[in-house]
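Participant:
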Amino acid sequence: MVHDAADAEDLCQEVFITLFRSEWEGIEYLKAWIMKITVNTCLNHLKRRSSLQQKLKAHLHMFKENPQPLIDKLVEQKETKLEWAGYMSLLPAKIRAVLTLRYMHDFSLEEIRRMLDIPLGTVKSRQHKGLRMMKRILEEAGVQPITKEDDEYGQNRSAVKASLK
Numbered sequence: 001m002v003h004d005a006a007d008a009e010d011l012c013q014e015v016f017i018t019l020f021r022s023e024w025e026g027i028e029y030l031k032a033w034i035m036k037i038t039v040n041t042c043l044n045h046l047k048r049r050s051s052l053q054q055k056l057k058a059h060l061h062m063f064k065e066n067p068q069p070l071i072d073k074l075v076e077q078k079e080t081k082l083e084w085a086g087y088m089s090l091l092p093a094k095i096r097a098v099l100t101l102r103y104m105h106d107f108s109l110e111e112i113r114r115m116l117d118i119p120l121g122t123v124k125s126r127q128h129k130g131l132r133m134m135k136r137i138l139e140e141a142g143v144q145p146i147t148k149e150d151d152e153y154g155q156n157r158s159a160v161k162a163s164l165k
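So for the sequence shown, UniProt numbering puts the first residue at 1; every next one is plus one.
Quick look at the structure:
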C-alpha cells in the first residue's frame, strides 16, 4: 500500500504495537479486525505524507540556498511601508483604526465591531468613508489607481497588501 519498504516496516511495527495494546481476545473475526487496523494505519500514513509533500511544495522558497530577499527589494519594501504609513496618518484615528484592522490584519467587520465596541453600521460607514478619503489622498499624491487590467488575478493588490504588513 505505501510503496516503500522502510515505511512498510515502520507501519507493520506500529500495527503490531496497536494490536498488542488492544483487547483482542473478545474479537470474533480477528483476521478482519487486524486487516482493518492495518489498512487504516496505512491510509493515515499516506494522508500525512501527502499533506507533508503539499506543505513542502507550498513553502519551497524556504529551502533555497539564499532565502534572504535582495537588499534593494528590502529597501523598496521599507520605503513603501513608510509611504503608506504617511498616507494612513492623514486619516482620522477612528477611521484609520477600522481600515488598519480590516485591511492590514484581515479582521471581519463583526470582529472589528466587537473589538472597537461600536455598531456594525458604524464600522461599515467608517470603512467606506476611509476608503473614499484614502482614494482622494492617493489621487492628490499622484498615485495611479489600480485598474482591473492592471490587477489581473489580484497580483497588484496582494503586493500592496504585503507591503503594508
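Just so it is clear, CB atoms sit at the ideal spot from N, CA and C, and this is done for glycine as well.
Please read these numbers as outputs of a predicted model, since none were measured by experiment.
(1) Taking 8 Å as the cut-off, decide whether the C-beta atoms of A8 and V2 are in contact.
(2) How long is the line joining the alpha carbons of E25 and L19, rounded to whole angstroms?
(3) Quick one: is M134 buried, meaning 16 or more other Cβ sit within 10 Å of its Cβ, or exposed?
(4) Around the Cβ of L91, are there at least 16 other Cβ atoms within 10 angstroms (buried) or fewer (exposed)?
(5) Tell me, please, whether the segment 92-102 touches the segment 119-130 by the rule of three or more beta-carbon pairs shorter than 8 Å.
(6) Using only CA atoms, which one of S108, S125, D10 and I37 lies nearest to R21?
(7) Can you have a look at L52 and say buried or exposed, based on whether 16 or more other CB atoms are within 10 angstroms of its CB?
(8) Over the uninterrupted alpha helix (DSSP H) stretch that includes M35, give me the two end residues.
(9) Assuming H59 and L11 are in contact, meaning their beta carbons sit under 8 Å apart, how far apart are those beta carbons, in whole angstroms?
(10) If you measure between the beta carbons of R113 and P119, is that distance less than 8 Å?
(11) How many angstroms separate the CA atom of R49 from the CA atom of Q13?
(12) Could you tell me the boundaries of the alpha helix (DSSP H) in which L70 lies?
(13) When you compare the CB positions of residue 183 and L101, do they come within less than 8 Å of one another, or not?
(14) What ranges does the alpha helix (DSSP H) occupy inside the segment 73-123, keeping only unbroken runs of at least 4 residues that lie completely in it?
(15) To the nearest angstrom, report how far apart M104 and K47 are at their CA atoms.
(16) With H, G and I counted as helix, E and B as strand and the rest as coil, what does DSSP make of I27?
Facilitator: A quick look at the data gives this:
(1) Along the sequence shown, one-based indexing puts residue 8 at 8. Along the sequence shown, one-based indexing puts residue 2 at 2. Yes; because the gap between Cβ atoms is below 8 Å, this pair is in contact.
(2) As a first step, residue 25 is located in the sequence shown; it is residue number 25 there, counting from the start. As a first step, residue 19 is located in the sequence shown; it is residue number 19 there, counting from the start. Answer to the nearest angstrom: the Cα atoms are 11 Å apart.
(3) Counting from one through the sequence shown, the residue named residue 134 turns up at place 134. Counting Cβ neighbours within 10 Å, M134 comes out buried, since at least 16 surround it.
(4) As a working mapping, residue 91 is identified with position 91 in the sequence shown. L91 should be labelled buried.
(5) yes
(6) In the sequence shown, counting from the first residue as 1, residue 21 sits at position 21. With distances taken between Cα atoms, R21 lies closest to I37.
(7) The residue you call residue 52 lines up with position 52 of the sequence shown. So L52 counts as exposed.
(8) Here residue 35 corresponds to residue number 35 of the sequence shown, with the count starting at 1. L30 to A58 is the span of the alpha helix (DSSP H), which, as asked, contains M35.
(9) Walking along the sequence shown from the start, residue 59 turns up at place 59. Walking along the sequence shown from the start, residue 11 turns up at place 11. Not a contact, Cβ separation roughly 26 Å.
(10) Here residue 113 refers to the residue found at position 113 when the sequence shown is read from its first residue. Here residue 119 refers to the residue found at position 119 when the sequence shown is read from its first residue. Their beta carbons are under 8 Å apart, which means R113 touches P119 by this criterion.
(11) Working through the sequence shown from its first residue, we reach residue 49 at position 49. Working through the sequence shown from its first residue, we reach residue 13 at position 13. Taking the straight line joining both Cα atoms gives about 18 Å.
(12) For this step, residue 70 is matched to residue 70 along the sequence shown. Careful: L70 lies outside any alpha helix (DSSP H) and carries neither H nor E.
(13) Residue 183 lies beyond the range of the chain shown here (1 to 165); nothing can be said about it.
(14) 93-99 and 109-116
(15) Reading the sequence shown from its first residue, position 104 is the one you call residue 104. Reading the sequence shown from its first residue, position 47 is the one you call residue 47. Using only the alpha carbons, I get a separation of about 34 Å.
(16) What you label residue 27 is simply residue 27 of the sequence shown in a count that begins at 1. Note: I27 maps to coil in three-state DSSP.
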